[in-house]
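**Q** Here's a structure for you.
2 protein chains.
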Amino acid sequence: MALIMYDLAGAQANRRFSPFCWRIRLAIAHKGLEVETVPWRFTEKAAIAFSGQDRVPVLVDDGKTVAGSWKIASHLEEKYPQRPSLFGGAVGIALARFVEGWNDNVVQGGMVRLILIDVFAHIHEKDRAYFRESREKRLGMTIEQACAGREERVAGFRSSLEPLRTTLRLQPFVAGESPNYADYIVFGSFMWARSTSPFSLLTPDDPIYDWRKRMLDRFEFALQALGYDA
Amino acid sequence: MALIMYDLAGAQANRRFSPFCWRIRLAIAHKGLEVETVPWRFTEKAAIAFSGQDRVPVLVDDGKTVAGSWKIASHLEEKYPQRPSLFGGAVGIALARFVEGWNDNVVQGGMVRLILIDVFAHIHEKDRAYFRESREKRLGMTIEQACAGREERVAGFRSSLEPLRTTLRLQPFVAGESPNYADYIVFGSFMWARSTSPFSLLTPDDPIYDWRKRMLDRFEFALQALGYDA
Numbered sequence: 257m258a259l260i261m262y263d264l265a266g267a268q269a270n271r272r273f274s275p276f277c278w279r280i281r282l283a284i285a286h287k288g289l290e291v292e293t294v295p296w297r298f299t300e301k302a303a304i305a306f307s308g309q310d311r312v313p314v315l316v317d318d319g320k321t322v323a324g325s326w327k328i329a330s331h332l333e334e335k336y337p338q339r340p341s342l343f344g345g346a347v348g349i350a351l352a353r354f355v356e357g358w359n360d361n362v363v364q365g366g367m368v369r370l371i372l373i374d375v376f377a378h379i380h381e382k383d384r385a386y387f388r389e390s391r392e393k394r395l396g397m398t399i400e401q402a403c404a405g406r407e408e409r410v411a412g413f414r415s416s417l418e419p420l421r422t423t424l425r426l427q428p429f430v431a432g433e434s435p436n437y438a439d440y441i442v443f444g445s446f447m448w449a450r451s452t453s454p455f456s457l458l459t460p461d462d463p464i465y466d467w468r469k470r471m472l473d474r475f476e477f478a479l480q481a482l483g484y485d486a
Numbered sequence: 257m258a259l260i261m262y263d264l265a266g267a268q269a270n271r272r273f274s275p276f277c278w279r280i281r282l283a284i285a286h287k288g289l290e291v292e293t294v295p296w297r298f299t300e301k302a303a304i305a306f307s308g309q310d311r312v313p314v315l316v317d318d319g320k321t322v323a324g325s326w327k328i329a330s331h332l333e334e335k336y337p338q339r340p341s342l343f344g345g346a347v348g349i350a351l352a353r354f355v356e357g358w359n360d361n362v363v364q365g366g367m368v369r370l371i372l373i374d375v376f377a378h379i380h381e382k383d384r385a386y387f388r389e390s391r392e393k394r395l396g397m398t399i400e401q402a403c404a405g406r407e408e409r410v411a412g413f414r415s416s417l418e419p420l421r422t423t424l425r426l427q428p429f430v431a432g433e434s435p436n437y438a439d440y441i442v443f444g445s446f447m448w449a450r451s452t453s454p455f456s457l458l459t460p461d462d463p464i465y466d467w468r469k470r471m472l473d474r475f476e477f478a479l480q481a482l483g484y485d486a
């Protein structure tokens, strides 16, 4: 039986933009498994109440429900050990946690103030009030204020990516010769941007730009997903 | 035959403060090997000319010379595979590169402007002109200017450590249940500070403070090394 994943969608049902859901779609592809995704909007809490919490990704695997990207990745690694490893062992798991901490703070945290206004433009009508209120409360400013001056501020964002750039000058993927969950964490954030925003986060001379292209070339469903080639 | 390592020293021969040399002393201890360290100063280029370059650490292992912290760590891992692994496999090596990129940019790069004036105070008389000139050229300002206002700026440094903090809330070491080279990279920077500076980089309520203590408790020679308990 194919896996079922509840996947955040925008105004268009095939606009899938959650960075956490992207991590899992890539992890599932890494394992060579098939998944059926169910489009889900922020306010459809009832549809995933069976998972005991109110956010996606939610995975249903042969009757077992798992929620949250890290827990789902761990589940996939444990349940399908004979398939390509997502982490490369105990040290790989521990260091992927560090990559996650860095990504969520620096990459995803930095992108919020560059693309949130574009994310908002693609939110489903019924989610718009919820999205604005929850994000503005978290940021302490309006969505429009959060993204003001982004043309000037993007230089600081690019500079903050230097640790990733240094790594990708030495090896083709974060995890070495081929990508693993550490790459999917970071690439998931770039898919969040790609699926919602025409704003250019990277310049073509950046090793990170080349890495993003290598990832898109490897994962056809990411390359073909509804979004912007920015 | 014991390993021999050329190790940066200050005005006092037993003040060892190079973060890169610390990484290797910890890596050697991890492998359960013995090392004889040779105190070395910046201007003693002739003493390590045999290594074909002019910086430490330089390791001499049974007649073979290896220079540079990453190359030495790789050498130790390859030459002593039956001893505890420094990296935990291919993915561990690749992700340690990312930790190195982050540490060198954020941790060590951030510490420069907080402790350099204290490092300078411990430099050997014959290295002082070289040290001041090379560092001031790199920074584009005097050592004194670089460290001005550090009491106010340390908050920004602490905030920049959030990815490490997030990781250490989830597990005792960067590499998981026990430390490996990823920990030694970051801890080497903290040993650079400990061996030269009374300035408090961390607050006692910080998970990173606890990790640093765990590392000191594990490596008696680091705990006992000449320095400051800041």
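Chains as they are written, first to last, in my numbering: chain A, 257 to 486; chain B, 257 to 486. Yeah, the Cβ is synthetic: ideal placement off N, Cα and C, and Gly gets one too. These numbers come from a predicted model, not from an experiment.
(1) Pull up the distance between the alpha-carbon of Trp-448 (chain B) and that of Ala-329 (chain B), whole angstroms please.
(2) Mapping DSSP to helix, strand and coil, what is Lys-320 (chain B)?
(3) I want to see whether chain A comes within less than 8 Å of Phe-354 (chain B), judged by CB atoms only; does it?
(4) Which residue's Cα is closest to the Cα of Phe-429 (chain B): A:Val-442, A:Ala-486, A:Gly-348?
(5) Quick one: Cα of Asp-374 (chain A) to Cα of Arg-450 (chain B), how far?
(6) Verify the CB distance criterion: does Gln-364 (chain B) have a CB-CB separation below 8 Å to chain A?
(7) Which two residues bound the contiguous beta strand (DSSP E) that contains Val-291 (chain A)?
(8) For Arg-384 (chain B) and Lys-393 (chain B), what's the separation of their Cα atoms in angstroms?
(9) If you compare alpha carbons, which of A:Gly-366, A:Gln-268, A:Tyr-262 is closest to Glu-300 (chain A)?
(10) Which of the three DSSP states, helix, strand or coil, is assigned to Tyr-386 (chain B)?
(11) Counting only C-beta atoms, is Gly-412 (chain A) closer than 8 Å to chain B at any point?
(12) Going by the DSSP bridge assignment, what does Gly-432 (chain B) pair with across the sheet?
(13) Within 8 Å (strictly less), CB to CB, does Val-430 (chain A) reach chain B?
(14) What first and last residue would you give for the alpha helix (DSSP H) that runs through Tyr-440 (chain B)?
(15) Report buried or exposed for Asn-270 (chain B), applying the criterion of at least 16 other Cβ atoms within 10 angstroms of its Cβ.
(16) Measure the alpha-carbon distance for Arg-297 (chain B) versus Arg-470 (chain B) and round it to whole angstroms.
(17) Examine chain B for any beta-carbon lying closer than 8 Å to the beta-carbon of Trp-358 (chain A), and answer yes or no.
(18) Using 8 Å as the threshold, is the C-beta distance between Ala-265 (chain B) and Pro-295 (chain B) below it?
(19) Are the CB atoms of Leu-315 (chain B) and Tyr-440 (chain B) nearer to each other than 8 Å?
(20) By the criterion of Cβ-Cβ separation under 7 Å, what are the contact partners of Asn-436 (chain A) in chain B?
(21) Kindly list, in the order they appear in chain A, the residues whose Cβ is closer than 9 Å to that of Gly-344 (chain B).
(22) For the alpha helix (DSSP H) that Asp-374 (chain B) lies in, which residues bound it at each end?
(23) Within this structure, are the beta carbons of Arg-445 (chain A) and Asn-359 (chain A) separated by less than 8 Å?
(24) Between which residues of its own chain and Tyr-437 (chain B) is the CB-CB distance below 7 Å, once the five residues before and five after are set aside?
(25) Cβ of Leu-426 (chain B) less than 8 Å from any chain A Cβ?
(26) On the DSSP letters alone, give me the boundaries of the alpha helix (DSSP H) that Met-397 (chain A) sits inside.
(27) My guess is that Val-363 (chain B) and Leu-417 (chain B) are in contact by the Cβ rule of under 8 Å, so how many angstroms apart are they, rounded?
(28) In angstroms with no decimal places, state the Cα-to-Cα distance between Ile-371 (chain A) and Cys-403 (chain A).
(29) Listing by chain order, which chain B residues have their CB less than 9 Å from the CB of Glu-292 (chain A)?
(30) Just to confirm, is the Cβ distance from Thr-452 (chain A) to Phe-273 (chain A) under 8 Å?
(31) Check the Cβ of Thr-422 (chain B) against every Cβ in chain A and list those closer than 9 Å, keeping chain order.
(32) How many angstroms separate the CA atom of Arg-409 (chain B) from the CA atom of Gly-366 (chain B)?
(33) Under 8 Å between the Cβ atoms of Pro-460 (chain B) and Tyr-484 (chain B)?
(34) Quick check: Leu-458 (chain A) and Ile-464 (chain A), are their CB atoms within less than 8 Å of each other?
(35) Using the Cα positions of Gln-268 (chain B) and Lys-335 (chain B), report the straight-line distance between them to the nearest angstrom.
(36) With distance defined between alpha-carbon atoms, name the residue in B:Thr-321, B:Ile-260, B:Glu-333 nearest to Ala-346 (chain B).
**A** Judging by the given coordinates:
(1) As a working note, residue 448 (chain B) is residue 192 in the second sequence. As a working note, residue 329 (chain B) is residue 73 in the second sequence. Their Cα atoms are separated by approximately 18 Å.
(2) Stepping through the second sequence from its first residue, residue 320 (chain B) is reached at position 64. Lys-320 (chain B) sits in a strand when the DSSP states are folded into three classes.
(3) As a first step, residue 354 (chain B) must be located in the second sequence, where it is residue number 98. It does: the Cβ of Phe-354 (chain B) has a partner Cβ on chain A nearer than 8 Å.
(4) Numbered from its first residue, the second sequence carries residue 429 (chain B) at position 173. The residue among A:Val-442, A:Ala-486, A:Gly-348 with its C-alpha nearest the C-alpha of Phe-429 (chain B) is A:Gly-348.
(5) In the first sequence, counting from the first residue as 1, residue 374 (chain A) sits at position 118. In the second sequence, counting from the first residue as 1, residue 450 (chain B) sits at position 194. Roughly 46 Å separates the two Cα atoms.
(6) By one-based count along the second sequence, residue 364 (chain B) stands at place 108. For Gln-364 (chain B), the answer is no, since every Cβ of chain A falls outside 8 Å of its Cβ.
(7) Position 35 of the first sequence, counting from 1, holds the residue named residue 291 (chain A). Counted as a single uninterrupted DSSP element, the beta strand (DSSP E) harbouring Val-291 (chain A) occupies residues 291-296.
(8) On the second sequence, residue 384 (chain B) is found 128 positions in, with the first residue counted as 1. On the second sequence, residue 393 (chain B) is found 137 positions in, with the first residue counted as 1. Within the model, the alpha-carbon separation for Arg-384 (chain B) versus Lys-393 (chain B) is close to 14 Å.
(9) Along the first sequence, read from residue 1 onward, the residue named residue 300 (chain A) stands at position 44. Selection A:Gly-366, A:Gln-268, A:Tyr-262 evaluated against Glu-300 (chain A) yields A:Tyr-262 as nearest (Cα-Cα).
(10) Taking the second sequence and counting its residues from 1, one reaches residue 386 (chain B) at position 130. Looking at Tyr-386 (chain B) - three-state DSSP - the assignment turns out to be helix.
(11) In the first sequence, counting from the first residue as 1, residue 412 (chain A) sits at position 156. Interface flag for Gly-412 (chain A) against chain B is unset, since no Cβ pair is found closer than 8 Å.
(12) Locating residue 432 (chain B) in the second sequence gives position 176, counting from the first residue. For Gly-432 (chain B), which the question treats as bridged, DSSP gives the partners B:Phe-429.
(13) Looking up residue 430 (chain A) in the first sequence gives position 174. Interface annotation, Val-430 (chain A): in contact with chain B, CB-CB separation under 8 Å.
(14) On the second sequence, position 184 is the one that residue 440 (chain B) refers to. Annotation: the continuous alpha helix (DSSP H) that includes Tyr-440 (chain B) extends over 437-450.
(15) In the second sequence, the residue the question calls residue 270 (chain B) occupies position 14. The C-beta of Asn-270 (chain B) has fewer than 16 other C-beta atoms within 10 Å across all chains shown, which makes the residue exposed.
(16) Against the second sequence, residue 297 (chain B) aligns to sequence position 41. Against the second sequence, residue 470 (chain B) aligns to sequence position 214. Spanning the two alpha carbons is a distance of roughly 30 Å.
(17) The residue given as residue 358 (chain A) occupies position 102 in the first sequence. For Trp-358 (chain A), the answer is yes, since a Cβ of chain B falls inside 8 Å of its Cβ.
(18) As a working mapping, residue 265 (chain B) is identified with position 9 in the second sequence. As a working mapping, residue 295 (chain B) is identified with position 39 in the second sequence. A contact, by the Cβ cut-off of 8 Å.
(19) Locating residue 315 (chain B) in the second sequence gives position 59, where the first residue counts as 1. Locating residue 440 (chain B) in the second sequence gives position 184, where the first residue counts as 1. If you check the CB distance, Leu-315 (chain B) and Tyr-440 (chain B) do not come in under 8 Å.
(20) For the purposes of this step, residue 436 (chain A) is taken as residue 180 along the first sequence, with counting starting at 1. Per Cβ cutoff of 7 Å: Val-347.
(21) By 1-based counting over the second sequence, the position of residue 344 (chain B) is 88. Within chain A, the residues near Gly-344 (chain B) are Gly-344, Gly-345, Ala-346, Val-347, Gly-348, Ala-350, Leu-351.
(22) Locating residue 374 (chain B) in the second sequence gives position 118, counting from the first residue. From DSSP, the alpha helix (DSSP H) with Asp-374 (chain B) extends over 365-377.
(23) Position 189 of the first sequence, counting from 1, holds the residue named residue 445 (chain A). Position 103 of the first sequence, counting from 1, holds the residue named residue 359 (chain A). Sequence inspection shows Ser at residue 445 (chain A); the Arg mentioned does not correspond to that position. Yes, the Cβ-Cβ distance between Ser-445 (chain A) and Asn-359 (chain A) is below 8 Å.
(24) Residue 437 (chain B) sits at position 181 when you count from the first residue of the second sequence. Excluding sequence positions up to five before and after Tyr-437 (chain B), its CB lies within less than 7 Å of the CB of Ala-283, Ala-329, Leu-342, Phe-343, Ala-352, all in the same chain and listed in chain order.
(25) On the second sequence, residue 426 (chain B) is found 170 positions in, with the first residue counted as 1. Chain A contact via Cβ: present.
(26) Taking the first residue of the first sequence as 1, we reach residue 397 (chain A) at position 141. Note, Met-397 (chain A): premise wrong, no alpha helix (DSSP H); not H, not E.
(27) Residue mapping note: residue 363 (chain B) aligns to position 107 of the second sequence, counting from 1. Residue mapping note: residue 417 (chain B) aligns to position 161 of the second sequence, counting from 1. That belief holds up - the Cβ atoms of Val-363 (chain B) and Leu-417 (chain B) are roughly 7 Å apart, short of 8 Å.
(28) Taking the first residue of the first sequence as position 1, residue 371 (chain A) is located at position 115. Taking the first residue of the first sequence as position 1, residue 403 (chain A) is located at position 147. For Ile-371 (chain A) and Cys-403 (chain A), the distance between alpha carbons rounds to 7 Å.
(29) If you number the first sequence from 1, residue 292 (chain A) lands on position 36. Going along chain B, no residue has its Cβ under 9 Å from Glu-292 (chain A), so there is no contact; the nearest lies around 30 Å.
(30) For the purposes of this step, residue 452 (chain A) is taken as the residue at position 196 of the first sequence. For the purposes of this step, residue 273 (chain A) is taken as the residue at position 17 of the first sequence. Less than 8 Å separates the beta-carbon of Thr-452 (chain A) from that of Phe-273 (chain A).
(31) Translated into the one-based positions of the second sequence, residue 422 (chain B) becomes position 166. The contacting residues are Arg-353, Phe-354, Glu-356, Gly-357, Trp-358, Asp-360, Asn-361.
(32) Within the second sequence, numbered from 1, the residue matching residue 409 (chain B) stands at position 153. Within the second sequence, numbered from 1, the residue matching residue 366 (chain B) stands at position 110. About 10 Å.
(33) Counting from one through the second sequence, the residue named residue 460 (chain B) turns up at place 204. Counting from one through the second sequence, the residue named residue 484 (chain B) turns up at place 228. No, the Cβ-Cβ distance between Pro-460 (chain B) and Tyr-484 (chain B) is not below 8 Å.
(34) Counting from 1 along the first sequence, the entry for residue 458 (chain A) is found at position 202. Counting from 1 along the first sequence, the entry for residue 464 (chain A) is found at position 208. Yes, the pair counts as a contact, with Cβ atoms nearer than the cut-off.
(35) Residue numbering aside, residue 268 (chain B) sits at position 12 when the second sequence is read from its first letter. Residue numbering aside, residue 335 (chain B) sits at position 79 when the second sequence is read from its first letter. Cα-Cα distance, rounded: 33 Å.
(36) One-based indexing of the second sequence puts residue 346 (chain B) at position 90. Here the closest residue by C-alpha is B:Glu-333.
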